[in-house]
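A.B. asks:
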Amino acid sequence: MTAIPFQHLILLEPLGLLYGSSGRMLSPQALTGRAAEHFPPDSPALAGLLAGQLESGSLRELFTAGPFWFDSTSDQLMLPAPLTLLQERDAEQKRQSRRRLAWREGDGALSPAGWSPRDGEDPPRKAPTGGWVALAHWPRLIEDVAVPIHENPWQALPHLHPRLRDDERVSDGDGALFLEYGIALKAGACLAYLSSHQVPDGLYRFGGEGHLVELRSSPLPSELLRLLQLPLTPPFALITPGLWGGPKLSLREPLDTTSRQGVHPWHRNGQPPGILTDKPRPWRHRLGAGTTRADGTQPGRRRLSRGRWAVPAGTCYLVTGEPLPPWAVWPESWFPREGFSFRQLGTALALPLKAPPPG
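Residue 130 in the numbering used here sits at position 130 of the sequence shown; the count goes up by one each step and never skips.
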């Protein structure tokens, strides 16, 4: 049985608003404020919360993954919807998926390989994408049966306010007005992450804005543990953003850095993997305040990681040949490294779409 580094489901319920970004300076190009939207926070935000509560010796074994969300009314963990789901709206404007995309081998230049509807019909025009599926429905994603798609359980509340001067409560001159992007979660919804370590339930500061959240932890759902232990028969889907490549170039698939030239481990018999993805998303996180000085203080300048591009959660891959092993045994050489392996941040966490139902 594969050893899974994640043992706990961490649930975070905000006490008030969270913030999707710190906001951009107000300008004619950014009047709406949506350009800087980034929500929910990625797994490094939870890793920072946990690192502040754990002993330094435990940090090398700390693993986190996310983001997800949890519906307390139905007691269901929600995962990003794979892009193989062709979504549509019913008469009540609720999203669902009955049709699936499948990989078809090419037949020359006139019929190249690619993803197309399994039923042979044309795909819908301007079909919605994104959304979330319940963990209980994951074994049904490969079948041509209706699966409900859940919308984001949060609402944007952008609001203007000025940046104040340090010495008095007045606007800090010209250009001090900015749009802050507040987020309110709907009743019964909370953010969810996977973690290898547990901290006591209670109130904590979370994210770059340091807002209060109520933290609760529970064992990892048995169905998710089962899926994480299965080999990745093609096709499989990412449920967290995937970060691959070197320090100067982001890639859409892993690059094994054990050799000087670099090897693409998912290229088999000269054939690259079939990739179904959307536009990449930016990824950057804080690295803390640096090394502690001899007098016990820390430098005030907080460090940032290198800016990278990540393939979004929901991206699907088809790798020819034998199934890939579960994510938990992927080598660290497949992941970027910046002081520590990005594998510890749960990037590119993958689940098989052809998952047998639980016995």
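Built from N, CA and C at the ideal position, the CB exists for glycine as well. Quantities reported herein were computed from a predicted structural model and do not represent experimental measurements.
Across which residues does DSSP place residue 69 in a beta bridge pair?
C.D. replies: According to DSSP, residue 69 bridges with 78, 191.
A.B. asks: Could you check the C-alpha separation between residue 328 and residue 227 for me, to the nearest Å?
C.D. replies: Using only the alpha carbons, I get a separation of about 11 Å.
A.B. asks: Run through the DSSP bridge pairs and tell me what residue 341 is partnered with.
C.D. replies: Paired residues: 337.
A.B. asks: Could you name the residues that DSSP lists as bridge partners for residue 8?
C.D. replies: Answer by DSSP bridge pairing, in chain order: 195, 219.
A.B. asks: If I'm right that residue 45 touches residue 62 with Cβ under 8 Å, what's the distance once you round it to whole angstroms?
C.D. replies: In fact, because the Cβ distance is near 13 Å, the residues do not count as touching under 8 Å.
A.B. asks: In the structure shown, what three-state DSSP assignment does residue 260 receive?
C.D. replies: It is coil, neither helix nor strand.
A.B. asks: Going by alpha carbons, who is nearest to residue 285 out of 278, 306, 275, 80?
C.D. replies: With distances taken between Cα atoms, residue 285 lies closest to 306.
A.B. asks: For residue 24, which three-state DSSP category applies?
C.D. replies: Any reading at residue 24 needs caution, since the residue's pLDDT is 44, under 50, leaving its predicted position unreliable; the model's value is listed next. The answer is strand: DSSP assigns residue 24 an E or B state.
A.B. asks: According to the Cβ coordinates, are residue 95 and residue 149 closer than 8 Å?
C.D. replies: In contact: residue 95 and residue 149 (Cβ atoms closer than 8 Å).
A.B. asks: Using C-beta distances below 7 Å, list every residue in its chain close to residue 206, excluding the 5 sequence neighbours before and after it, in chain order.
C.D. replies: Only 12, 45, 49, 213 meet the Cβ criterion.
A.B. asks: Taking only the alpha-carbon atoms, compute the straight-line gap between residue 215 and residue 186 and give it to the nearest angstrom.
C.D. replies: About 17 Å.
A.B. asks: Taking its Cβ as the centre, do 16 or more other Cβ atoms sit within 10 Å of residue 278, making it buried, or is it exposed?
C.D. replies: Exposed is the call here.
A.B. asks: Shortest alpha-carbon distance to residue 76 belongs to which of 53, 134, 126?
C.D. replies: Cα-wise, what sits closest to residue 76 is 134.
A.B. asks: Measure from the alpha carbon of residue 240 to the alpha carbon of each residue in 343, 339, 113, then state which is nearest.
C.D. replies: Measuring from the Cα of residue 240, the nearest candidate turns out to be 343.
A.B. asks: Considering only C-alpha positions, which residue in the set 336, 316, 281, 225 is nearest to residue 3?
C.D. replies: When only C-alpha atoms are compared, the closest one is 225.
A.B. asks: Assign residue 332 to one of three DSSP states: helix, strand, or coil.
C.D. replies: Three-state result, residue 332: helix.
A.B. asks: Span of the alpha helix (DSSP H) holding residue 324?
C.D. replies: Counting along the chain, residue 324 falls outside any alpha helix (DSSP H), and DSSP gives it neither H nor E.
A.B. asks: Taking DSSP's pairing of strands, which residues face residue 148 in a bridge?
C.D. replies: Residue 148 is bridged to 96.
A.B. asks: Measure how close the beta-carbons of residue 17 and residue 182 come, nearest whole angstrom, since I'm counting them as under 8 Å.
C.D. replies: Right, the Cβ-Cβ distance comes to about 4 Å (below 8 Å), so this counts as a contact.
A.B. asks: According to DSSP, residue 184 sits in a beta bridge with which residue or residues?
C.D. replies: DSSP lists 155 as partners of residue 184.
A.B. asks: Starting from the C-beta of residue 82, find all residues in its chain whose C-beta is less than 7 Å away, skip the five residues before and the five after it, and write them out in chain order.
C.D. replies: Only 141, 237, 314, 316, 353 meet the Cβ criterion.
A.B. asks: Where do the ends of the beta strand (DSSP E) carrying residue 373 lie?
C.D. replies: This structure gives no information on residue 373, because the portion of the chain shown stretches from 1 to 359.
A.B. asks: Can you tell me where the alpha helix (DSSP H) holding residue 50 begins and where it ends?
C.D. replies: Segment 43-51, the alpha helix (DSSP H) holding residue 50.
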